Amino acid sequence: MSNLHGINNVFSISHINYFKRIFWAVVLISSCLGASIILQSALKLFSTGAASYSVETNYLDWNTPFPAVTVCEQSDNGRVKAFLNQYKLSPNLSSFYKAVAFWNLKYCRTCGSCTINDTCVENFEEGIQKIRHRCSELLTDCWWGGRYFKCCDEFHPIETEYGVCYVFNSAILGNNSILTVNRKVGLIDLVFTAIELVTVRIHAPDDVLSAAFENILGDLASLPLVTEFEAILKVEQTVNDVSVSSLSGTMRGCLLKDDVPPYSGWPFNRYTYSGCLLFCRALAQFNSCNCTHHFMANIDELLKYECNCPMACDETIYKIVHLFHNRVSGNLSPELMKRGSRARVRFAQLPSLRVRRLAIRDTLGLVVDIGGVGGVFFGASLLSIIELIYLFCIRWNKY
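Reading the sequence shown from the start, the letters are residues 8 to 406 in the working numbering.
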């Protein structure tokens, strides 16, 4: 006998009234139809609406990542001229080295109409390294939360489309201890001074800087000598519940850091939306010119196809609250000229809410739904399945 309601009355080989058999057959068929309708709804919800969002306000224990700050030097005609004079090179190379040593959209136009060893050269990488400033020649003094540190100990070189820049608090250089702020440490700030013309970019620690990347500072990102600069920020963060990792990328509608997008030749160890944008820019350059810009950071074996960058599941967005940019004019004191420009980056306040992505239906939830439907319509359990196997495969053979 099975504990499934009606099974033994329909399929039993003993003498049972036909009316009773028909009654239980109708009940079983109706239960099957009802169960199938509900299971279809559960499967549809599992496959199409698997993720949702909620707003968290339990901010007392949050660790909010401090933004990455990238400093890139600006074009310097004096450096190019000094390089040509030092190595006794032709003055005709001035425009060429200015174009290749610093980010310039006219670079391809310059190379397309040049004469080798007269107005351009082939092996220019060594010249670029000698023209561009080192970290110690750009940044002098730095403070984190009022504590002084040597700038070049924390501002690390990174290859970008703008050439080698220097970044603070970046996660893409193997830094596993990203600086954070919370209720215990308070609103810690970053202060640094620059003795050359630089451009400042503020972004999330896991973002990859590229020319397509939006700079939240806008036109005020450039710091000519001597400038007093302060950026006051707010942060909007999206985090993921543990249940989200059990969903596929299609069901989540985004990719986790450890996911690999379906693009051949993906060069990065972790997925970020900004990294995907850089990859697509490299593809576009390769498709149009059969080459990439020499500042494109080590991306090889590019294939000719279009890519559509999925959203990243973990997302931290920084926005400007106030921006102060004051260039000091008039007679500058020797002390001020020696110090150079001064920049400060800080939060206006710690965040009090953030968005959490969570799974509406994960695999475990689907199993529970199936078990619930089986229990409601059939009074079934795992034991019932074993009994069915016994009833139809073992006991039936005895008769």
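We treat Cβ as the ideally placed atom computed from N, Cα and C, and that holds for glycine.
Everything numeric in this text was worked out from a predicted model, so none of it was measured.
### Query
Mapping DSSP to helix, strand and coil, what is S336?
Indexing the sequence shown from 1 puts residue 336 at position 329. Coil.
### Message
On a Cα-Cα basis, can you pick out the residue from G282, C158, N189 that is closest to V242?
### Response
Numbered from 1 along the sequence shown, position 235 holds the residue referred to as residue 242. If you compare the alpha carbons of G282, C158, N189 with that of V242, the shortest gap goes to N189.
### Query
What is the rounded straight-line gap between the Cα of F162 and the Cα of K326?
Translated into the one-based positions of the sequence shown, residue 162 becomes position 155. Translated into the one-based positions of the sequence shown, residue 326 becomes position 319. The straight-line gap from Cα to Cα measures roughly 22 Å.
### Query
Around the C-beta of F199, are 16 or more other C-beta atoms found within 10 angstroms, so that it is buried, or is it exposed?
The residue given as residue 199 occupies position 192 in the sequence shown. Buried, because 16 or more other Cβ atoms sit within 10 Å of the Cβ of F199.
### Message
Assess contact between the stretch 147–158 and the stretch 34–41, defined as three or more Cβ pairs (one per stretch) separated by less than 8 Å. Is contact present?
### Response
no
### Query
Can you tell which of P268, R277, S255, L227 has its C-alpha closest to the C-alpha of H332?
Counted from its first residue, the sequence shown places residue 332 at position 325. Of the listed residues, the one whose Cα sits closest to H332 is L227.
### Query
Does DSSP put Y169 in a helix, a strand or coil?
Here residue 169 corresponds to residue number 162 of the sequence shown, with the count starting at 1. Correct three-state label for Y169: coil.
### Query
alpha helix (DSSP H) containing L91: first to last residue?
On the sequence shown, residue 91 is found 84 positions in, with the first residue counted as 1. Annotation for L91: the continuous alpha helix (DSSP H) segment containing it runs 84–93.
### Task
Enumerate in chain order the residues of its own chain whose CB-to-CB distance from D376 is below 7 Å, with the five nearest sequence positions on each side excluded.
Working through the sequence shown from its first residue, we reach residue 376 at position 369. The answer, listed in chain order, is A49.
### Query
If you draw a straight line from the alpha carbon of A42 to that of I367, how long is it in whole angstroms?
Residue numbering aside, residue 42 sits at position 35 when the sequence shown is read from its first letter. Residue numbering aside, residue 367 sits at position 360 when the sequence shown is read from its first letter. Computed Cα separation, rounded: 21 Å.
#### Entry: alpha helix (DSSP H) runs contained entirely in the stretch 19–88, provided each spans 4 or more residues
25–55
### Query
Going by other Cβ atoms of all chains shown within 10 Å of its Cβ, with 16 needed for buried, is F26 buried or exposed?
Against the sequence shown, residue 26 aligns to sequence position 19. The residue in question, F26, is exposed, as its Cβ has fewer than 16 Cβ neighbours within 10 Å.
### Query
Taking Q215 as the reference, which of I393, S391, G347, V76 has the closest Cα?
Walking along the sequence shown from the start, residue 215 turns up at place 208. With the sequence shown as reference, residue 215 is identified as Val, and Gln is not the correct amino acid for it. The shortest Cα separation from V215 among I393, S391, G347, V76 belongs to V76.
### Query
Are the CB atoms of W110 and E203 nearer to each other than 8 Å?
By one-based count along the sequence shown, residue 110 stands at place 103. By one-based count along the sequence shown, residue 203 stands at place 196. 8 Å or more divides the Cβ of W110 from the Cβ of E203.
### Query
Quick one: any contact between the stretch 260–275 and the stretch 330–350, if contact means 3 or more CB pairs under 8 Å?
With the cut-off at 8 Å, the stretch 260–275 and the stretch 330–350 do not touch.
### Query
If you run the structure through DSSP and keep just helix, strand and coil, what is V198?
Counting from one through the sequence shown, the residue named residue 198 turns up at place 191. Here V198 sits in strand by DSSP.
### Task
Could you work out which residue in F131, H140, I45 is closest to V383 when comparing CA atoms only?
Counting from one through the sequence shown, the residue named residue 383 turns up at place 376. Checked all of F131, H140, I45; the closest Cα to V383 is I45.
### Query
Considering only the beta carbon of each residue, do L91 and T126 sit closer than 8 Å?
Locating residue 91 in the sequence shown gives position 84, counting from the first residue. Locating residue 126 in the sequence shown gives position 119, counting from the first residue. No, the Cβ-Cβ distance between L91 and T126 is not below 8 Å.
### Task
Would you kindly check if the distance between the Cβ of S61 and the Cβ of V233 is under 8 Å?
Position 226 of the sequence shown, counting from 1, holds the residue named residue 233. Position 54 of the sequence shown, counting from 1, holds the residue named residue 61. No; because the gap between Cβ atoms is not below 8 Å, this pair is not in contact.
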